[in-house]
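Input: a single structure, listed below in structure tokens.
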Amino acid sequence: MAIRRPIILCFMLWQLPLLMLLSCRGNLTYAARGKWELLMSSIGISAMHMQLLNDDRVVMYDRTDFGASNISLPNGKCRNNNNDLALKVDCTAHSVEYDVSTNSVRPLMVQTNVWCSSGSAMSDGSLVQTGGFNDGINVVRVFKPCITGKKSTCDWQEMGNGLIQSRWYATNHMLPDGRQIIIGGRQAFNYEFHPKTASTSNVFNLPFLQQTNDPGEENNLYPFVFLNVDGNLFIFANDRAILFDYTTSTVVKTYPQIPGGDPRNYPSTGSAVLLPLKNLQEKTIQAEVLVCGGTPRGSYLKAVGGEFLGALNTCGRITITDPNPQWTMETMPLARTMGDMVILPNGNILIINGAAVGAAGWEIGRSPVLSPMIYQPDNLPDSRFEVQNPNAIPRMYHSTAALLRDGRVLVGGSNPNEFYNFTRVLFPTELSLEAFSPSYLDAGSANLRPRIISPVSRHKFKYGHRANIRFSISRLLNKNSIQATMVAPGFNTHSNTMNQRMLVLPSGVVKQVGKSVYQVSCVFPNSGKLAPPGYYLLFVVHQDIPSEGIWVRIY
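Residue numbers -26 to -1, 1 to 529, in mature numbering (1 follows the signal peptide of the UniProt record, and there is no 0), belong to the letters of the sequence shown in order.
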């Protein structure tokens, strides 16, 4: 810690003049909003990968070949692996389960190397995780939530070599039929499915990934993938995007190159999000994608050689459902690479973590961006960004972020070092866990915050089902400001949140049914193309202030 404090202070002072400048610019807003809370000073591992599951527990894991972690496996267990590159016998854990309600972690045992892997929560709520490095590169693993009494007792189940193609830096996404598609990875210019059927037991070529593969830099790893409302996949890699029919291996549409032509995927590492889907009962549903940050072309190789270029300060926004789609470019208040984008319950986007200089990789990022930003997609273009209160802990390469059911955002990770290293490095390995609370959680908004009364959590809804959502609220300012939103929590790693998705449910008139109790009728999505089957967080939002969410299952 003695080394870390002067480093943090240095960068906090570095940011102050910039923030003062931002407060004076008309089209950018700096607001002293949002609160940071240190949850745990150490969870024992550095959280490189993160997924919230439907039991309000977050599974996190790191690579297994760093050597020993700072948390032991329970009951004298040890991992015996002759293929491990660091420790053949390792009695420490490289995965943990974080219990939000008790603010505690439980060590988990993962056998093969999950370094830079991918995954997504399946329709039954289990986390299916694919690939990795070395002996884990073809492996499929499953973590299924299970609670005995009040305790979680489950652990990782390794399913063996369930992948045909080696997958390292791949991207996964849920499909309308409940399967998971696994796309790309290092030197993997193809895709496959999990689980496999007789007709999908092979890999399928995707030439677009080879076409976007830069020699030396690649810049198409962890491609951004989103399920479009027509059932096709929007795939963004490097500086280009396509709309892809995975059932016929056909490119349906080729989108224009993002203006500037700079790369946005790993190791240049921007971030992307499918903006909230609305008007779900209309004949034509609009879908928009936002891609932010990254680095100028060549930044990775220059950084490896000791020359650090500034990150990009631009975002590109495109309506992927338009007949003639075009990018609209916007300027962020703070340039950023290795940032994470989290959809908040009110439809705003939190941009958090990352660096202002350099690229993703071992010790080649500089100037941590300590201040998150809120992007408000429905505002006018010149008033969409709002800079938030800064953090005190740099969250650099291998950082993560995930939305929690209570509306906070869990933040962890950061290890730009090849091993766990806490001294004599610019950015020590970070084992801590924090929560960022957006301003909608401020105490002053408590009387405006809804509380869902019914349905109960984990209720199941069929596609197209109409349901009454009953909620209480101390002070209802405007019935017309009530909306219900549904969020699919994503699998987050390397600034790519796979399967993250929000839908604004069509709602009827808000009716008062008791003292401070109201009811709104909502219609759930009518198709897996809009919402793949599985667990979602359901929120009621009033004046941009969300309730605590409840879990619902769509099928």
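By construction, the Cβ of each residue, glycine as well, lies at the ideal position given by its N, Cα and C atoms.
Here the structure is a predicted model, which is why all the values come from computation and not from measurement.
- Taking all protein chains shown into account, residue 298 has fewer than 16 neighbouring C-beta atoms within 10 Å of its C-beta and is therefore exposed.
- Of the residues 381, 481, 260, the one whose Cα lies closest to the Cα of residue 319 is 381.
- Judged by beta-carbon spacing, residue 98 lies beyond the 8 Å limit of residue 503, meaning their Cβ atoms are not closer than that value.
- Membership of residue 181 in the alpha helix (DSSP H) is indicated by the continuous run 181 to 185.
- Just so you know, the alpha carbons of residue 524 and residue 458 end up roughly 11 Å apart.
- One thing to note: residue 30 has its Cβ within 8 Å of the Cβ of residue 379.
- Rounded to the nearest whole angstrom, the C-alpha separation of residue 151 and residue 133 is 22 Å.
- Contact fails between the stretch 273 to 282 and the stretch 249 to 262, because fewer than three Cβ pairs, one in each stretch, are under 8 Å apart.
- Considered as a whole, the stretch 68 to 95 harbours 69 to 73, 78 to 82, 92 to 95 as its complete beta strand (DSSP E) runs of no fewer than 3 residues, in chain order.
- In this structure, the straight-line span from the alpha carbon of residue 408 to that of residue 10 is close to 7 Å.
- Taking one beta carbon from each stretch, the stretch 450 to 468 and the stretch 503 to 514 have 3 or more pairs nearer than 8 Å; the two touch.
- Leaving aside the five residues that flank residue 439 on each side, the residues in its chain whose CB is nearer than 7 Å to its CB run, in chain order, 498.
- Note that the stretch 129 to 144 touches the stretch 104 to 116; at least 3 beta-carbon pairs, one per stretch, sit closer than 8 Å.
- In the assembly as shown, residue 252 is a buried residue. Its beta-carbon has 16 or more other beta-carbons within 10 Å.
- Nearest in C-alpha terms to residue 494, of all of 12, 429, 234, is 429.
- Straight-line measurement puts the Cα of residue 17 at about 14 Å from the Cα of residue 48.
- Runs of the alpha helix (DSSP H) spanning 4 or more residues and lying entirely within the stretch 129 to 217 occur at 181 to 185, in chain order.
- Proximity to residue 94 across 173, 125, 268, 168 peaks at 168, based on C-alpha coordinates.
- DSSP places residue 277 in the uninterrupted alpha helix (DSSP H) bounded by 273 to 278.
- In the three-state reduction of the DSSP assignment, residue 441 falls in the strand class, which pools E and B.
- Under the three-state reduction of DSSP, residue 335 is assigned to coil, being neither helix nor strand.
- With contact defined as three or more Cβ pairs closer than 8 Å, the stretch 463 to 476 and the stretch 179 to 199 are in contact.
- Note that the C-beta distance between residue 387 and residue 397 is not below 8 Å.
- No Cβ-Cβ contact shorter than 8 Å links residue 185 with residue 164.
- Annotated three-state conformation of residue 422 is helix, per DSSP.
- In the three-state reduction of the DSSP assignment, residue 355 falls in the helix class.
- Contact between the stretch 439 to 452 and the stretch 350 to 362 is absent: fewer than three C-beta pairs spanning the two stretches fall below 8 Å.
- When secondary structure is reduced to three states using DSSP, residue 54 falls in the strand class.
- The C-beta of residue 392 has fewer than 16 other C-beta atoms within 10 Å across all chains shown, which makes the residue exposed.
- With a contact defined as Cβ atoms closer than 8 Å, residue 461 and residue 317 qualify at about 6 Å.
- Scanning its chain for C-beta atoms nearer than 7 Å, with the 5 sequence neighbours on each side dropped, one finds around residue 143 the residues 90, 159, 160, 195, 196, 240, in chain order.
- Nearest to residue 68 by alpha-carbon distance, out of 54, 56, 34, is 34.
- In this structure residue 20 is not in contact with residue 395, their Cβ atoms being roughly 11 Å apart against a cut-off of 8 Å.
- In the DSSP annotation of this structure, the continuous segment of the beta strand (DSSP E) that includes residue 227 starts and ends at 224 to 228.
- One alpha carbon belongs to residue 233, the other to residue 294, and they sit about 16 Å apart.
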